[in-house]
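**Q**
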Amino acid sequence: MPRITRRLNRAVAVWQATVLWATCLGVVAQTGPVRFADATTSLGVRFEHNNGAFGAKYLPETMGSGVAVFDADGDDDLDLLFVNGMDWSGHPTRKSNLPAFYIQTDGRFADRTQQSGLAMPMYGMGVSTADYDNDGDADVYIACVGEDHLFRNEGGGKFRDVTRSAGIRNPAFSTSAAWLDYDGDQYLDLYVCNYVEWTPETDIYCTLDGVTKSYCTPESYKGVQDRLYRNNGNGTFTDVSTKARVVAPNSKSLGVVAFDHNGDGWDDIFVANDTQPNLLFENNGDGTYDEIAMVAGVAFDDGGVARAGMGVDVGDFDRSGRFSLVIGNFSNQMLSLYRNEGNGLFIDSAPQTGLGKASLLTLTFGAMFLDANSDGWLDLFTANGHVEDGINKVQRNVFYQQVPHLFLSQGGTAFRDVAKESGMATAFVGRGAAYGDLDGDGDLDIVVTASGGKARVYRNDTTKPNALRIRVVGDGTKSNRSGVGSVVTVTSGGRAQMQVVRAGSSYCSTSELVLTFGLGAQTRASQVQIRFPSGRTQTLNNVSAGQTIEVTEGRGMTGSTPFRRGSGG
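First residue of the sequence shown: 36, per the numbering used here; consecutive thereafter.
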């Protein structure tokens, strides 16, 4: 432990010196204005979340739910799937008890829930979408309070519930989920986060003011073991949680993301836990994992205390060539920005980068890296909202409805919150968040859910700089067709940036799998390198900006679509 402490202190000193040096030399970029417009109504999205609340203050009511941004029908236009709760037995509301599935047609969204096969009442929480059977279209997993659901994509925006025939049974209070190929057999496996042991019958009475019932913290309930399901390649799955050694029975998991933290070619798994230590499962490459979060420095805060972790994402925010972590935490805990030092250690850089103070009073659920202004540096969006509607009565500076954060990167060394000035000034009870280029104009739009409220679609109207979008397709025999786990490095202007294809991150949500690289002033990428999950690499040279390219394993560039013009600003 003394050696680890010395390494931590040395890394902090180096990082602080780097920030000071970059600032003094003017390396910290001053980005231009970023503009988002609330286009929810104009795009035809009418989803309003039903948490079933009727006054009993059941724990799940304040936790949901997520959203998936994905191409459901294979027409290259992104569609939307909003996860919904439902009424509690004997307490009907006037809200829908179904998830909401929107197909995009001619630039607008139409509700196709009833025709999709997804119209099943369920108390849903999270969603992850990817092609688990390698047939070329995206399948859907919905994590629920109670039995989860796996929907196989039948094509044309139609789905079929195959949960039972697939051998999946998870009757717990589950939250986020992520697809990954943990054993390298080209079939996507599934990690499911479980939260706490709770039913309406075992609901516990809690109070903030000693008079009225409030929502309990998870500390009042026992945690539930997460699940890792191995894809057998024949449409069925096997629970390998114990065999793979992803066992942490006391966890209270809310967020998960799969990524290769040490560059060894195997996907590791990070889990954000609520009032319990976070987990980092390191893949041994033999079908087993070792849990290393404490040794890596991501289990606790700097004081050795477990935070209330919600959503999580990974990104190379400082262009170091390593994936770092961002975690949304409870109010009065601030965000965690664990910078990957490349030596097995992560350092929380939130205070030094300006994230700490700015996020101290907000309670963050959805958290995701994206390049909002296409300048080549990853920015950070967070969806915020408290879990207790009466929190302001006992904490005067903390509010139930909260404004999102949009932190613009200042050259990879600091962040500046521009949410209010960019068009995101409205406070609401934010939960899930995902991104995608909804209008095909080359920049990333943002979709956010609200607990018990209306979803929001923020269209990116920023003046369009140069960007390159890359769709990765595995060959289906050596790598999964969705390309999940592929690492893409784009070099432009003599500098490289890196992203990973991931199916499940933020909070209970899934963003589009196509990767968007901002190139700033550069009109082309001098090199694009893709490392597929199989270990194969593909390199393209002198690729022009202003287009979405498709790169297929073993075949090179197999498609190109120019960006649409005039969709936003």
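Glycine residues also receive a C-beta, built at the ideal position from the N, C-alpha and C atoms.
Phe335 and Leu360 - do their beta-carbons sit closer together than 8 Å?
**A** Cβ distance not < 8 Å, so Leu360 and Phe335 don't count as in contact.
**Q** Go through its chain and collect everything with a Cβ distance to Ala560's Cβ below 6 Å, but skip five positions before and after it.
**A** For Ala560, where only same-chain residues beyond five positions count, the Cβ hits under 6 Å are Leu503, Val525, Ser527 and Val578.
**Q** Less than 8 Å separating the beta-carbons of Leu223 and Tyr167?
**A** Contact: yes.
**Q** If contacts are defined as beta-carbon pairs under 8 Å, then Thr97 and Ser517 qualify, I think. What distance do you get, rounded to the angstrom?
**A** Between Ser517 and Thr97 the Cβ distance is about 32 Å, and since that is not below 8 Å, they are no contact.
**Q** Output the residue ranges of the beta strand (DSSP E) runs that lie fully inside the stretch 481-514 and measure 3 residues or longer, sorted by chain position.
**A** Listed in chain order, they are 491-495 and 501-508.
**Q** Does the stretch 125-138 come close enough to the stretch 75-83 that 3 or more CB-CB pairs lie under 8 Å?
**A** Yes, the stretch 75-83 is in contact with the stretch 125-138.
**Q** At which residues does the alpha helix (DSSP H) containing Ser151 begin and terminate?
**A** Thr148 to Ser151 is the extent of the alpha helix (DSSP H) around Ser151.
**Q** Return the residue from the list Asp295, Gly339, Ser394 and Thr310 that minimises the CA-CA distance to Gly356.
**A** Gly356 has its Cα closest to that of Asp295, out of Asp295, Gly339, Ser394 and Thr310.
**Q** Going by DSSP, what residues sit across from Leu185 in a beta bridge?
**A** Paired residues: Tyr176.
**Q** Indicate the three-state DSSP secondary structure (helix, strand or coil) for Gly477 in the structure shown.
**A** It is coil, neither helix nor strand.
**Q** Taking contact to mean at least 3 C-beta pairs separated by less than 8 Å, is the stretch 435-452 in contact with the stretch 403-418?
**A** Output reads yes: the stretch 403-418 touches the stretch 435-452.
**Q** So, Leu289 versus Gly350, is the Cβ gap smaller than 8 Å?
**A** No; because the gap between Cβ atoms is not below 8 Å, this pair is not in contact.
**Q** List the endpoints of the continuous beta strand (DSSP E) containing Ala165.
**A** Run containing Ala165: Gly159 to Ala165, per the beta strand (DSSP E) assignment.
**Q** Mind checking whether Phe272 and Ile362 have CB atoms under 8 Å apart?
**A** Against a cut-off of 8 Å, the Cβ pair of Ile362 and Phe272 comes out as no contact.
**Q** Buried or exposed: which applies to Thr593, given that a residue is buried once 16 or more other Cβ atoms fall within 10 Å of its Cβ?
**A** Exposed is the call here.
**Q** Quick one: residues in its chain with C-beta nearer than 6 Å to the C-beta of Leu473, no 5 flanking neighbours on either side, listed in chain order?
**A** Cβ neighbours of Leu473 beyond the five flanking positions: Leu113 and Asp480.
**Q** Leaving aside the five residues before and after Gly192 along the sequence, list all residues of the same chain whose C-beta is less than 7 Å from its C-beta, in chain order.
**A** Around Gly192: Ala107, Asp108, Ile138, Arg147 and Ser151.
**Q** I believe Asp261 touches Asn285 by the beta-carbon criterion, under 8 Å. Please report the beta-carbon distance rounded to the nearest angstrom.
**A** The Cβ separation is near 11 Å, so there is no contact.
**Q** Am I right that Val118 and Met155 are in contact with their C-beta atoms under 8 Å? What's the rounded C-beta distance?
**A** Contact flag wrong, Cβ pair sits at about 12 Å.
**Q** Count the other C-beta atoms from every protein chain shown that fall within 10 angstroms of the C-beta of Arg506, then say buried if there are 16 or more, exposed otherwise.
**A** The residue is buried, with at least 16 neighbouring Cβ atoms inside 10 Å.
**Q** With distances taken Cα to Cα, identify the nearest neighbour of Asn6 among Cys241, Glu376 and Pro500.
**A** The structure shown has nothing for residue 6, since the chain only spans 36 to 604.
**Q** Let me know if Thr484 comes out buried or exposed under the rule of 16 or more other beta-carbons within 10 Å of its beta-carbon.
**A** Result: buried.
**Q** How many Å lie between Gly509 and Arg431 at the Cα?
**A** Those two C-alpha atoms are separated by around 52 Å.
**Q** If contact is defined by three or more beta carbon pairs under 8 Å, each pair taking one atom from either stretch, is the stretch 241-252 in contact with the stretch 262-269?
**A** These segments do not touch.
**Q** Scan the stretch 505-560 and note each continuous beta strand (DSSP E) run of 3 residues or more that stays entirely inside, going in chain order.
**A** You should have 522-527, 530-535 and 550-555.
**Q** Determine the burial state of Glu254: buried for a count of at least 16 other Cβ atoms within 10 Å of its Cβ, exposed for fewer.
**A** Result: exposed.
**Q** Suppose you measure from the CA of Leu390 to the CA of Ala454; what does that come to, to the nearest Å?
**A** Going from the Cα of Leu390 to the Cα of Ala454 covers about 13 Å.
**Q** Only counting runs of 4 or more residues, tell me where the alpha helix (DSSP H) segments fall wholly within the stretch 205-280, in order along the chain.
**A** The qualifying runs do not exist here; there are none.
**Q** Verify whether the separation of the beta carbon atoms of Leu185 and Tyr226 is less than 8 Å.
**A** No, these two residues do not count as a Cβ contact at 8 Å.
**Q** Taking 6 Å as the limit between beta carbons, can you name the residues of its chain near Asp424, skipping five residues before and five after?
**A** Hits under 6 Å: Tyr435.
**Q** What is the DSSP secondary structure of Gly391, reduced to helix, strand or coil?
**A** Gly391 falls in the helix class under three-state DSSP.
**Q** For the alpha helix (DSSP H) that contains Met329, what are its first and last residues?
**A** Met329 -> alpha helix (DSSP H) spans Ala328 to Ala331.
**Q** Just the C-alpha distance for Thr596 and Ala580, rounded to the nearest angstrom, thanks.
**A** C-alpha separation (whole angstroms): 11 Å.
**Q** In the DSSP assignment, what are the bridge partners of His440?
**A** DSSP lists Thr417 as partners of His440.
**Q** Please go through the same chain and pick out, in chain order, the residues whose beta-carbon is closer than 6 Å to the beta-carbon of Val492, but skip the five residues on each side of it.
**A** Within the same chain, Val492 has close Cβ partners Ala74, Thr75, Leu78, Val80 and Val482.
**Q** Using 8 Å as the cut-off, can you tell me whether the stretch 193-202 makes contact with the stretch 531-547, which would need three or more C-beta pairs spanning the two stretches below that distance?
**A** At 8 Å Cβ cutoff, the stretches do not touch.
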